[in-house]
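These notes concern the structure reproduced below.
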Amino acid sequence: MNQKALFLLALLVALCPAMNVSGTLSNSTVWGPENNPITVSGHIEIPDSVTLKIKAGSVIKVDGYYRILVRGRLEASGSPDKPIEFCSNKETPNPEDWEGIVFYGEGSGGFLSYCRMRHAYKNLIWKCAPSVQNCTFSNNNYALYFSFSKTAKLFDNQIENNNFGIYLDYSSPIIQKNKIMNNNYGLYCVLSSAPIVGENEIVSNREKNIYMDSSMGKNESESINNHVYDLMKGLF
Numbered sequence: 028m029n030q031k032a033l034f035l036l037a038l039l040v041a042l043c044p045a046m047n048v049s050g051t052l053s054n055s056t057v058w059g060p061e062n063n064p065i066t067v068s069g070h071i072e073i074p075d076s077v078t079l080k081i082k083a084g085s086v087i088k089v090d091g092y093y094r095i096l097v098r099g100r101l102e103a104s105g106s107p108d109k110p111i112e113f114c115s116n117k118e119t120p121n122p123e124d125w126e127g128i129v130f131y132g133e134g135s136g137g138f139l140s141y142c143r144m145r146h147a148y149k150n151l152i153w154k155c156a157p158s159v160q161n162c163t164f165s166n167n168n169y170a171l172y173f174s175f176s177k178t179a180k181l182f183d184n185q186i187e188n189n190n191f192g193i194y195l196d197y198s199s200p201i202i203q204k205n206k207i208m209n210n211n212y213g214l215y216c217v218l219s220s221a222p223i224v225g226e227n228e229i230v231s232n233r234e235k236n237i238y239m240d241s242s243m244g245k246n247e248s249e250s251i252n253n254h255v256y257d258l259m260k261g262l263f
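Just add 27 to the spot in the sequence shown (first one is 1) and you have our numbering.
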């Protein structure tokens, strides 16, 4: 590389430095790969009427047990060749290194598309219905935890090597065309949860592929079991 090219590279780095973020967003904001790595050094809150957009190729490293709390809107739009990374900033990362993304309340919304989610304690969706599509969840405690969430959409994701793949309480999201495997628990349904489940691969989970507590009722439990069984050709 000649001196001119080195100078231009150094200038580019200087103009687009790495970014350190924390606190409550006061205005709608965009994070992009020009600021990689984007280091989260405290809790992030996206308040009502504020949108955080994250561009393809962004790398978000969380430097402690912090959460990204979404009361407004989060739009994380990766691509197949440029996914968005959410992960721990530790040299030797583990599940529960950071708290997770929390979509919180009826005013919360948005989507995760082509994201890689790792090392979180719990990615929570509470009383809202964002969409999660074409994402990868690995090495989390709860990859996705739905609570009082009735119409969230979960399509074409890969959920593997977590403690819980998908955990539901009082929730009925649409769960379709996902690969849920090699977790301790695949799909875990309690407290009258009634997900709409179809065309998923829910296999090779260590404790249970699908768990449903008695509050769902015998008929509902059998309906979900049979539906998944038929679509899986008996592989669960």
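Virtual Cβ for every residue (Gly too), placed ideally from N, Cα, C.
Asked	Found
Chain-order list of residues whose beta-carbon lies under 8 Å from that of P122 (same chain, five-residue window excluded)	H146, A147, Y148, N166, N167, N168, N189, N190
Cβ distance (whole Å) where I223 is taken to contact I201 below 8 Å	5 Å
Cβ contact check for the segment 103-111 and the segment 75-82: 3 or more pairs under 8 Å	yes
Check whether K154 and F175 have beta carbons under 7 Å apart	yes
Residue environment, A41, which counts as buried when at least 16 other CB atoms sit within 10 Å	Because A41 carries a pLDDT of 49, less than 50, the predicted location of this residue cannot be relied on, and the following value inherits that uncertainty. Counting Cβ neighbours within 10 Å, A41 comes out exposed, since fewer than 16 surround it.
Status (buried if at least 16 other CB within 10 Å, exposed otherwise) for L195	buried
Straight-line Cα distance separating N227 from G213	11 Å
Contact set for N116: own chain, Cβ-Cβ below 7 Å, skip 5 residues either direction	T66, K88, V89, D90
Neighbourhood of I193 by C-beta, 6 Å cutoff - its chain only, sequence neighbours within 5 removed	L171, L214
Reference D151, options K109, G69, R98, P74, closest by Cα	First, the amino acid is wrong: residue 151 is Leu here, not Asp. Among K109, G69, R98, P74, the Cα nearest to that of L151 is on R98.
Best match in F113, N47, Y197 for proximity to N62 [C-alpha to C-alpha]	N47
Continuous beta strand (DSSP E) assignments of at least 3 residues falling wholly in the segment 32-102	46-51, 56-58, 65-73, 78-82, 86-89, 94-97
Beta bridge counterpart(s) of Y141 as assigned by DSSP	DSSP lists no partner for Y141.
Between the CA atoms of C114 and S55 - distance to the nearest angstrom	23 Å
Reduced DSSP category for N150 - H, G, I as helix; E, B as strand; rest coil	strand
Residue range of the unbroken beta strand (DSSP E) whose run includes S199	It is not in any beta strand (DSSP E) - S199 carries neither H nor E in the DSSP assignment.
CB contact below 7 Å: S55 versus chain D	Annotation note: the requested chain D is absent from the structure, which comprises a single protein chain.
Beta-carbon spacing of Q203, F173 below 7 Å	no
Separation of H70 from G136, as counted between CA atoms	18 Å
Beta carbon of E112 nearer than 7 Å to that of R143	yes
Continuous beta strand (DSSP E) assignments of at least 3 residues falling wholly in the segment 159-186	163-165, 169-174, 180-182
Helix, strand or coil at S115 according to DSSP, with G and I counted as helix	strand
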